[in-house]
Every structure is written in C-alpha cells, then in structure tokens.
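First residue of the sequence shown? That's 21 in the working numbering, and the numbers climb one at a time after it.
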Amino acid sequence: MSSTQPFRRIVTGHDASDRGQITRDAPPSRVVQIGGPGGPTFYEVWSTRETPAVIDRQSGEPAEDDLVLGPPERGTRIRVIDFPPEDDRIRTLTQDEAAEKFGEMGGADATRSAAGAPHPLMHRTQTIDYGIVIEGELTLVLDKGETTVRTGDIVIQRGTNHAWANRSEANCRVAFVLIDGQYTDGL
21 MSSTQPFRRI
31 VTGHDASDRG
41 QITRDAPPSR
51 VVQIGGPGGP
61 TFYEVWSTRE
71 TPAVIDRQSG
81 EPAEDDLVLG
91 PPERGTRIRV
101 IDFPPEDDRI
111 RTLTQDEAAE
121 KFGEMGGADA
131 TRSAAGAPHP
141 LMHRTQTIDY
151 GIVIEGELTL
161 VLDKGETTVR
171 TGDIVIQRGT
181 NHAWANRSEA
191 NCRVAFVLID
201 GQYTDGL
C-alpha cells in the first residue's frame, strides 16, 4: 500500500435486536492537509469524549468542525498522518511560523519551538500517544536524542517535548492513538 492510498474506516454498531452490524465502511470523511502542498495529511478516523467510552447502538463520532491536535478532555482520538519527506521549508521555519503551523492543527499552545531547539516543530501535549508506523520511516526528535522508527515500530509518546522528521525520500504513514492525560511530578 502506498502512503497516498486511501484506507477504509469500518465502524460497527448494534441493530434493534442488539446484534452487531457494520454501520459505516468508507475512507475517513475528514482529511486535512497542513501547510499546503508538501505538508502532512491528517486523516481523522474517530474520537471519544469520555472514559469509559459510551457504547450504544448507533451514535456516530462526535462532530468536530476543525482539526484539533489532541484528544477531547477525558477522551481519545485515532488519526493517521502521512508525513512527506521533510525539506528546507520545514527545517528553516521560524518560531512564529512553527506556531502558525500548530495553529492550523488546533494546537497553537503545544508548540515549543525556540532558538537552539533540535527541530523547529518541537511540541508537547498532555497526552499518552501510541504511534504505530504503518509504512516508511520517521525520526522521533526529543530534547535529548533521537531515533528512527520504521514500519512495524510502535512509539509510546508520554507527554514529552518532541518533533517528527521525515528524513527519508519516501512518504511515511503513522497511525496515532491519542489518550488525554495529566502531568504530575512537577511536569
């Protein structure tokens, strides 16, 4: 599968007799490209508004008009992101430009871009994120160190300041499960 190939979102529910059934089978309906051509593409797959999540017969995903970086408070979010190869348009972003990019994602408060940062798109969210690399490779950049993750690798991102850099020559597709969290221990 190519990173630009659509994928199906299959949603289940219950009929009037409590039997399981498929309620939707189509690509995600909310797809947003950030930063114009060459920017990452966000496929918003599903979110929940509370934990434990409500399981009923037929309700749909909670409506959202705009892209929101994190999950709802006390909720979860699953999204897939296609990261194109990084170029100088990303590597040379100013602090203000980086903040603008995060603003497009509904996460202006997450940006931690600063002079001397290891990457201009450093950011931090009060979440636990499971990142599963579906295709390609991506570099996880942290305040202290970095590592390249490849197809099949899973990152458990625990609210740290970080950035994602696609230093390869091919797109990278990652599925993220975002879970609302809360900092403790003075974080």
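The beta carbon of each residue, even a glycine, is placed where N, CA and C say it ideally should be.
Beta-bridge pairing by DSSP links Gly40 to His34.
Under the three-state reduction of DSSP output, Glu166 falls in the strand class. When Glu70, Asp200, Thr171 and Glu120 are compared, the shortest CA-CA separation from Ile154 is found for Thr171. For Ile152, the three-state secondary structure derived from DSSP is strand. Nearest in C-alpha terms to Met142, of all of His182, Ile148 and Arg29, is His182. Closest in alpha carbon position to Ile30, among Gly40, Thr24 and Ala36, is Gly40. Bridge partners of Tyr203 according to DSSP: none are assigned. Between Phe196 and Ile98, the beta carbon gap of about 7 Å places them in contact (Cβ cut-off 8 Å). Here the alpha carbons of Ile42 and Thr96 stand approximately 21 Å from one another.
The beta-carbon separation of Val169 and Leu162, rounded to 12 Å, does not stay under the 8 Å limit for a contact. Fully enclosed beta strand (DSSP E) runs of no fewer than 3 residues occupy 50 to 53 and 61 to 68 of the region 41 to 92, in order along the chain. Rounded to whole angstroms, the Cβ separation of Pro140 and Ala118 is 5 Å, and the two are in contact under 8 Å. The C-beta separation of Asp85 from Gly126 comes to about 10 Å, leaving the pair out of contact by the 8 Å criterion.
In this structure, the beta-carbon distance from Glu124 to Gly55 falls below 8 Å.
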